[in-house]
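As numbered in our numbering, residues 73 to 535 make up the sequence shown, in order.
Even glycine gets a Cβ: it sits at the ideal position worked out from N, Cα and C.
All of these numbers come straight from a predicted model, not from anything done at the bench.
Notes follow the structure.
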Amino acid sequence: MSNKPDQPDLPDQLDVLNPATGELLTTVAAATVQEVDAAVALAAAAQRRWAAAAPADRARLLRRFAAEVDAHLEELALLEVREAGHTLGNARWEAGNVRDLLDFSAGGAERLNGRQIPVPGGLDVTILEPLGVVGVIAPWNFPMPIAAWGTAPALAAGNAVILKPAETTPLTALRLAELALVAGLPEGLFQVLPGTGEVAGNALVEHPGVAKIVFTGSTRVGKQIMAKCAQRVKRVTLELGGKSPNIVFADADIEAAAAAAPMSFLDNAGQDCCARTRILVQREVHDRFLELLAPALREVVVGDPADEKTQMGPLISQVQLDRVRAYVPDGLDGIRGTAPTGPGFWFPPTVLTGLAPDAPAAVEEIFGPVAVVLPFEDEQDALALANATEYGLAGSIWTRDLGRALRVSGGVAAGNLSVNSHSSVRYWTPFGGYKQSGLGRELGPDALTAFTETKNVFLSTEA
Ligand code: NAD
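See below:
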């Protein structure tokens, strides 16, 4: 029986496949609207007790949770290799990111300070109060880190969390919930409810007992969620798509820029909202850059994600493979790497050249191992091209000219830029998008305050 009478085609069970082989790993029950209701009631009760606990006690339990994750790092990583097709090296980093973020957020619980503001006739202080129950709706591209980016700071700030993982990748999230209980987190405080977006995800969005939604996924669904949250003025953080530029100026170290370019969009098979998929190259070095890029692209090791040497694994699903294929019809100009053939959801590293700057593959998020190379003339032209998408998540600038690096950083409308590198994500620096790439920031020194309300209290000394 379906769990939503008006949408009978939605599944009651979620099939979890190994994307490298297409084999069925397991099935997981999809949460119903009634189960979401029950989870919210349990979370609300747990949250009241959690918020009343001393910050040091909350911090201690979150550090124990981090220690449990650390003790099970390899198990979590191997699970992610199997359910998401992530390379082993990436999956280890991802489990470590969860541990580090829990530790970092635990310290935040002890430092969540309000302010004292000078006001005549009394004492004025601000208090940062938790919101209550927070719903985290996670995607399949980085199931563990993205779940933790919402969950860890929300818990540290005194909230309860209900996490709905993506349909295709519920297993690591479920394991994290078990580890939280082993660590001693109170029952109900952190719950994981696998389910469909249309049923369980939507129930969290519409539930009056959920104070905030943290959503990561497509811009299309993010807009729908924002509109529904508006009905209740529900708080929302959105981390949406990207189509990030990698701007290579003629004065850059071209060898280094070409060597770094492949993994800047092939990491996680391109299923990365920060992927540098628009490679903009100044015209006088354009041909030289392509000469250097071709061998670098073909050297990327694509194959069994469980092999330590592998740099790129499969796409997550047949649906995603079909989406990516639609952007790369046969006969387009460019550079191709190789990928396994046979079962599994494989697509080779691909660079497209000779496209118009407004071609769909040049402006839309493909979310696969596909980049375009476009030439530009000068700084002004580079900025115009870099900003000519609806997105604004990340970007890279390759130049030896410090003034240019600063000017162009100022001109690119994006939340996360790197100069002469492609790094975007550290748990202690803020992350988030401009324009239609998102709303709000995660991570960084202010991560906890996104899960609080500021209350101002004035105490009169005149009475
Ligand atoms: P999606 O936006 O449909 O799914 C993301 C999450 O939202 C999942 O947990 C899903 O169950 C949930 N969801 C879906 N519909 C919902 C609804 N109506 N209410 C509440 N929750 C809902 O993404 P997708 O279909 O898995 O991927 C499609 C495209 O989105 C990709 O090709 C890619 O371009 C983009 N994407 C971006 C990111 C990112 O990190 N920004 C992550 C995943 C996908």
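Close beta carbons around residue i, own chain, < 6 Å, minus the five adjacent residues each side
i	result
Gly-426	Asp-405
Met-73	Residue placement at Met-73 cannot be trusted, given a pLDDT of 37 that sits under 50; the coordinates are not used to answer.
Gly-269	none
Gly-180	Ala-228 and Leu-520
Ala-255	Arg-136, Phe-137 and Glu-140
Val-105	Ala-275
Asn-537	Within the shown structure, residues of the chain are numbered from 73 to 535, placing residue 537 beyond reach of any answer.
CA nearest to the CA of residue i, picked from the options
i	options	result
Glu-311	Gln-296, Asp-325, Thr-413 and Thr-291	Thr-291
Gln-119	Glu-146, Gln-508, Leu-227 and Glu-449	Leu-227
Pro-217	Arg-304, Asn-528 and Trp-165	Trp-165
Ser-493	Val-254, Glu-182 and Arg-472	Arg-472
Pro-415	Pro-401, Val-435 and Ile-388	Ile-388
Gly-512	Val-353, Pro-377, Gln-390 and Gly-294	Gly-294
Ala-110	His-358, Val-100, Val-208 and Gln-263	Gln-263
Leu-531	Leu-195, Leu-253 and Lys-381	Leu-195
Ser-177	Val-208, Glu-146 and Arg-130	Arg-130
Thr-410	Arg-370, Glu-514 and Gly-510	Arg-370
Thr-240	Ala-128, Arg-304, Lys-381 and Glu-95	Glu-95
Check whether residue i and residue j have beta carbons under 8 Å apart
i	j	result
Val-206	Gly-222	yes
Ala-519	Ser-316	no
Phe-321	Val-308	no
Val-442	Tyr-506	no
Lys-306	Ala-272	no
Val-112	Gly-375	no
Tyr-499	Gly-314	no
Pro-266	Pro-237	yes
Leu-97	Glu-182	no
Gly-289	Ala-341	no
Leu-160	Thr-244	no
Val-108	Leu-235	no
Ala-368	Pro-401	no
Val-88	Pro-242	yes
His-144	Leu-261	no
Phe-419	Gln-390	no
Leu-352	Phe-448	yes
Val-480	Glu-451	yes
Through-space distance from residue j to residue i, alpha-carbon basis
i	j	result
Asn-75	Pro-83	The predicted model places Asn-75 with a pLDDT of 49, which falls under 50 and marks its position as unreliable; any figure quoted below should be read in that light. The straight-line gap from Cα to Cα measures roughly 8 Å.
Leu-200	Pro-517	15 Å
Asn-274	Ala-330	43 Å
Gly-475	Arg-408	36 Å
Pro-429	Leu-457	8 Å
Ala-92	Gln-85	21 Å
Asn-162	Gln-392	20 Å
Pro-190	Glu-525	21 Å
Arg-247	Ala-232	18 Å
Ala-103	His-158	26 Å
Gly-483	Asp-325	22 Å
Val-529	Ala-454	50 Å
Ala-522	Leu-184	11 Å
Ala-431	Thr-461	11 Å
Ala-302	Lys-527	22 Å
Arg-132	Ala-167	20 Å
Asn-459	Asp-339	23 Å
Asp-323	Ala-366	20 Å
8 Å contact criterion, which residue i and residue j should meet: CB distance rounded
i	j	result
Ala-138	Arg-171	5 Å
Pro-421	Val-372	5 Å
Ala-433	Leu-424	6 Å
Gly-193	Thr-501	Rounded, the Cβ-Cβ distance is 41 Å, inconsistent with contact.
Phe-439	Gln-343	5 Å
Ile-469	Val-444	Wrong, their Cβ atoms sit about 18 Å apart, outside the cutoff.
Gly-204	Ala-116	7 Å
Asn-318	Arg-350	7 Å
7 Å CB neighbourhood of residue i in its chain, flanking five on each side removed
i	result
Asn-488	Cys-346, Leu-465, Ala-466, Ser-496 and Phe-503
Glu-327	Leu-364
Pro-258	Ala-118, Arg-121 and Trp-122
Val-153	Leu-160, Ala-163, Pro-377 and Ala-378
Lys-360	Looking at the sequence provided, one finds Arg at residue 360 rather than Lys. Counting only Cβ-Cβ distances below 7 Å, and skipping sequence neighbours, we find Ile-326.
Ile-297	Val-277, Ile-285, Phe-287 and Val-308
His-358	Pro-447
Sequence-distant residues of its chain with Cβ nearer than 8 Å to residue i (five each side left out)
i	result
Leu-174	Leu-134, Arg-135, Phe-137, Ala-138, Val-141, Ala-220 and Ala-224
Arg-187	Val-197 and Thr-198
Arg-348	Ser-316, Pro-317, Asn-318, Ala-333, Ser-336, Phe-337, Ala-443, Ala-466, Gly-467, Ser-468 and His-494
Lys-381	Val-373
Short CB-CB distance (under 8 Å) between residue i and chain C
i	result
His-144	Any reference to chain C falls outside this structure, which holds one protein chain only.
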